[in-house]
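A quick write-up on the structure given underneath.
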């Protein structure tokens, strides 16, 4: 057994057999921000065989306070979080296969990625993606671990198809939506606590110790010294469209229209094009420069500015329009620049 994992192997809950199982498993992490980067690091150090991490954003200075994989160099280079995460994770443990995807976790993409996955970890910042994860989990019988935090508050819940209530059931009992990081801020210890819960549950699942998996809903407030654990078995709803007796997986409807989304915690709108396909960043940079735009870039994206207008364009045609939460205004900027 690799000396790297000797202390982990000494832990009775894992042992040699568990470590072998961990090294053969595949974890899918949706989001490479605070929760995603932290969970990815823990699982990489634990020796998970394969980690796939998907994220739509790039590293900014405000991320460094709590997103532990990233550096000032990543900020200066405007590296996509998924690409920066892959680079750092491979530097931590080259034995782990890391697959990074720079893009939006659409229902269609999630259905493609979940094949062969043993556990999914929720590290996203929006319920649209979480609900799609939830339906994918139920449809393909893959457990996932919900997690969220804001301010000094955090919560987490392990969802096991056929055993626990799903997220759709849970929403009938617990109000999970409320403040976001742009209204309540966030402190790093709250992030670390959620990461600890999520990755501990993930390790239990990876070693197949299902009896040890926590089935209660946990929430805490580190600043107010509060910790709550709620049994949720009665929350399972037979009529649930995601996990019930006549399920239809309503959140897996594939959207083909242009999608606009206000990103959590920022005056930024993401626009996803109706047709998916790579664009030539080099050619686009030349065109925009000739029109008077200030253009900077790297192999993954272009940063485009003119006056107060600022946007970032990715290879797949997605764009982040900065400085606004007005969807109509953002869309007009996108159409003027990208057509």
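Residue numbers (my numbering): 3 to 341. Every residue gets a Cβ at the ideal spot worked out from N, C-alpha and C, and that includes glycine. Since we're looking at a predicted model, the values are computed, not measured.
Determine the extent of the beta strand (DSSP E) in which residue i is found, giving its start and end residues.
i, result
"residue 55", "52 to 57"
"residue 116", "Counting along the chain, residue 116 falls outside any beta strand (DSSP E), and DSSP gives it neither H nor E."
"residue 94", "No beta strand (DSSP E) contains residue 94, which is instead part of the alpha helix (DSSP H) from 83 to 94."
With a threshold of 16 other CB atoms inside 10 Å of the CB of residue i, please say whether the residue is buried or exposed.
i, result
"residue 132", "buried"
"residue 19", "exposed"
"residue 339", "buried"
"residue 28", "buried"
"residue 143", "exposed"
"residue 97", "exposed"
"residue 336", "buried"
"residue 94", "exposed"
"residue 344", "With the chain covering 3 to 341 only, the question about residue 344 has no answer from this structure."
"residue 252", "exposed"
"residue 4", "exposed"
"residue 284", "exposed"
"residue 127", "buried"
"residue 13", "exposed"
Consult DSSP for residue i and reduce its assignment to one of helix, strand or coil.
i, result
"residue 394", "The structure shown has nothing for residue 394, since the chain only spans 3 to 341."
"residue 76", "helix"
"residue 239", "coil"
"residue 7", "helix"
"residue 140", "helix"
"residue 330", "helix"
"residue 27", "coil"
"residue 229", "strand"
"residue 196", "helix"
"residue 190", "helix"
"residue 125", "coil"
"residue 16", "coil"
"residue 174", "coil"
"residue 167", "coil"
"residue 68", "coil"
In terms of residues, what are the limits of the alpha helix (DSSP H) holding residue i?
i, result
"residue 157", "Where residue 157 is concerned, there is no enclosing alpha helix (DSSP H), although the beta strand (DSSP E) it sits in stretches over 155 to 161."
"residue 61", "Element bounds for residue 61: n/a, residue is neither H nor E."
"residue 285", "283 to 292"
Where DSSP assigns a beta bridge to residue i, which residues make up the other side?
i, result
"residue 103", "56"
"residue 248", "Note: residue 248 sits in no beta bridge, so no partner."
"residue 272", "263 and 322"
"residue 223", "155 and 228"
"residue 305", "298 and 314"
"residue 148", "159"
"residue 218", "233"
"residue 32", "56 and 124"
What distance in whole Å lies between the Cβ atoms of residue j and residue i, which are believed to be in contact at a cut-off of 8 angstroms?
i, j, result
"residue 10", "residue 34", "Actually they are not in contact, since the Cβ atoms of residue 10 and residue 34 sit about 24 angstroms apart, beyond 8 angstroms."
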